[in-house]
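One structure below.
2 protein chains.
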Amino acid sequence: MSTQTRKIEIRKANEALILEAAEKIFAINGYKGTATGDIAREAGIPKANLHYYFKTKSNLYQQVLKRILNDWMAAASTFDTYHEPEEVLRTYVQAKMEFSRQRPFGSRVWAREIMSGAPVLDNFLGTTLTTWLNERVRIIRRWAREEKIKSVDPHALLYMIWATTQHYADFERQISILNGGKELSDRRYRQTTDEVVKLVLGSVGL
Amino acid sequence: MSTQTRKIEIRKANEALILEAAEKIFAINGYKGTATGDIAREAGIPKANLHYYFKTKSNLYQQVLKRILNDWMAAASTFDTYHEPEEVLRTYVQAKMEFSRQRPFGSRVWAREIMSGAPVLDNFLGTTLTTWLNERVRIIRRWAREEKIKSVDPHALLYMIWATTQHYADFERQISILNGGKELSDRRYRQTTDEVVKLVLGSVGL
DNA sequence: GCGTATCTTGACCGTAAGGTCAAGATACCA
DNA sequence: TGGTATCTTGACCTTACGGTCAAGATACGC
């Protein structure tokens, strides 16, 4: 460990620790409902230490959202891995389901942000996401024109995919209770993913 | 107006006013993030007056949830209006879409409650909703057995319907932004409802 | 080992929030 | 018209929260 490497590592590690804790607490209690002290407790550090790394709650929140955005976009990019509708939709749905399984808190923070009026994500939604959506809408329209899929409203289709896949993260608790009080096992979740893929493919006639 | 009729009316009217305001503010800021003073301001009354009608914030929140539950169950009951899969699914999806349009705040309060771990709805989910779900799962399985629909996982299908229809309430802001910054018109919403019906029917091969 | 930069933390400050209270206003009944 | 029950509201109390600070601890370069 040379120079400032060690120090930088300490900072990185602590920031990561805090961001992780923040994502969880924001997911459960929302932005306004979250106390920085709760996040600090979750991270196992004093509140003052948290404020050393992140000046304000708002600042921390924005960084939490940024992290989620990155991973969300990574899942989105899988849409372009293949060309044939069936492959594309299967891959995309699987990626989204995987995201819901791996980052349920991130999904919930996103949902809460939107339900609060998207004060922070507003800009992203109006630029990057709008662009991404419009391009995929065009692709789906082309599929329909080429009669590779049934003619459907591309927006409605994409919203259905988003809603359904994110449901498994956002409503995890409800699903658990309806599953007899126990969380879906890894095996069951894989089967469910297949079923969701099947439903989505069916909805466009595949 | 005789006897205590008038007074009872005052109480009813004020309780309704407060419940309406509370549903909106809870939807936007969540339970913990909501200040009773904010609800009072939204309702146009002093905070002390609100506390005269509802002793505690928790109490008010529970009554808000109860109201939503009633309407949610009303939409659910449309599932039993018809018998043929196509009619049933169309009617149910339409009712859920209508609910999302008419009570977007209610839908969001529900979503936030679940995301917070369903501390209040826990009991309802484990009893009434579980029973309702299991019965509909059986109906859907029967449809598949009788080859009226494609063989699909009934849970996945119902979750998809819930998620997709509620998405139009919970993510209204995101949808608006992606729609060029303006909300969906009544006409456009009706078309979207038809598209969602089409997708759901398609997903089971109808 | 020493000096300096970063990190850690308990104590503290001002504001906001849930809830109470008591005094006054309003409506109903006799 | 007077008496009583309900309703209204500003002021107030206590706790919690976002954020600050200053004093000490730790780590790095020389």
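Chains P and F supply the protein sequences, listed in that same order.
With this note's numbering, the residue at position 205 of the first sequence is 205, and numbering never jumps.
With this note's numbering, the residue at position 145 of the second sequence is 351, and numbering never jumps.
Yeah, the Cβ is synthetic: ideal placement off N, Cα and C, and Gly gets one too.
Source: prediction; values computed, not measured.
Residue i in three-state terms, based on DSSP
i, result
"E290(F)", "coil"
"L121(P)", "coil"
"L412(F)", "coil"
"M207(F)", "Any reading at M207(F) is ruled out, since the residue's pLDDT is 36, under 50, leaving its predicted position unreliable."
"R103(P)", "coil"
"P46(P)", "coil"
"L184(P)", "coil"
"K261(F)", "coil"
"K150(P)", "coil"
"S322(F)", "coil"
"F171(P)", "coil"
"A246(F)", "helix"
"A227(F)", "helix"
"A163(P)", "helix"
"A35(P)", "coil"
"N179(P)", "coil"
"Y395(F)", "helix"
Spatial distance of residue i from residue j (CA atoms)
i, j, result
"V137(P)", "P154(P)", "5 Å"
"F232(F)", "K354(F)", "42 Å"
"Q380(F)", "L125(P)", "7 Å"
"A74(P)", "S100(P)", "13 Å"
"I367(F)", "F171(P)", "13 Å"
"T3(P)", "E9(P)", "Since pLDDT at T3(P) reaches only 46, below the 50 mark, its modelled position is unreliable, and the value read off the structure follows with that caveat. So the alpha carbons of these two residues sit roughly 11 Å apart."
"L256(F)", "V315(F)", "20 Å"
"T287(F)", "N276(F)", "18 Å"
"L17(P)", "A43(P)", "6 Å"
"Q102(P)", "L19(P)", "16 Å"
"K230(F)", "R273(F)", "13 Å"
"K280(P)", "S382(F)", "The shown model of chain P, from 1 to 206, leaves out residue 280(P), and the question about it has no answer."
"R296(F)", "V403(F)", "6 Å"
"T240(F)", "R247(F)", "12 Å"
"Y365(F)", "N329(F)", "19 Å"
"K253(F)", "Y298(F)", "40 Å"
"K150(P)", "V204(P)", "5 Å"
"M1(P)", "A76(P)", "The predicted model places M1(P) with a pLDDT of 36, which falls under 50 and marks its position as unreliable; any figure quoted below should be read in that light. Taking the straight line from one Cα to the other gives about 38 Å."
"A317(F)", "W338(F)", "19 Å"
"K182(P)", "E146(P)", "45 Å"
"T127(P)", "Y374(F)", "20 Å"
"Q166(P)", "M97(P)", "7 Å"
"F285(F)", "E135(P)", "37 Å"
"I39(P)", "S107(P)", "18 Å"
"V119(P)", "V358(F)", "Checking the displayed sequence, the identity of residue 119(P) turns out to be Pro instead of Val. So the two alpha carbons sit approximately 39 Å from each other."
"L121(P)", "W72(P)", "13 Å"
"V64(P)", "T36(P)", "13 Å"
"L206(P)", "R396(F)", "25 Å"
"T192(P)", "T398(F)", "26 Å"
Which listed residue (the options) has its alpha carbon closest to that of residue i
i, options, result
"K192(F)", "A254(F), Y259(F) and E293(F)", "Residue 192(F) cannot be examined here, being either before or after the span of chain F that is shown, 207 to 412."
"D194(P)", "A95(P), P46(P) and N49(P)", "A95(P)"
"R311(F)", "L327(F), A227(F) and A241(F)", "Per the sequence shown, residue 311(F) should be read as Phe rather than Arg. That would be A227(F), whose Cα lies nearest to the Cα of F311(F)."
"G202(P)", "L157(P), H167(P) and Q166(P)", "L157(P)"
"E15(P)", "V204(P), V196(P), S151(P) and I45(P)", "I45(P)"
"T336(F)", "T164(P), N179(P) and R190(P)", "N179(P)"
"V406(F)", "T370(F), Q397(F) and R396(F)", "T370(F)"
For this session: Evaluate contact between the segment 230-244 of chain F and the segment 110-124 of chain P, counting only Cβ atoms and requiring at least three cross-stretch pairs below 8 Å.
Result: Under the three-pair Cβ rule at 8 Å, the segment 230-244 of chain F counts as touching the segment 110-124 of chain P.
For this session: Would you check if the segment 340-356 of chain F and the segment 255-269 of chain F touch, i.e. whether three or more CB-CB distances between them fall below 8 Å?
Result: They do not touch, by the three-pair rule.
Exercise. Taking one C-beta from the segment 288-301 of chain F and one from the segment 383-394 of chain F each time, how about it: are there three or more such pairs within less than 8 Å?
Worked result: no
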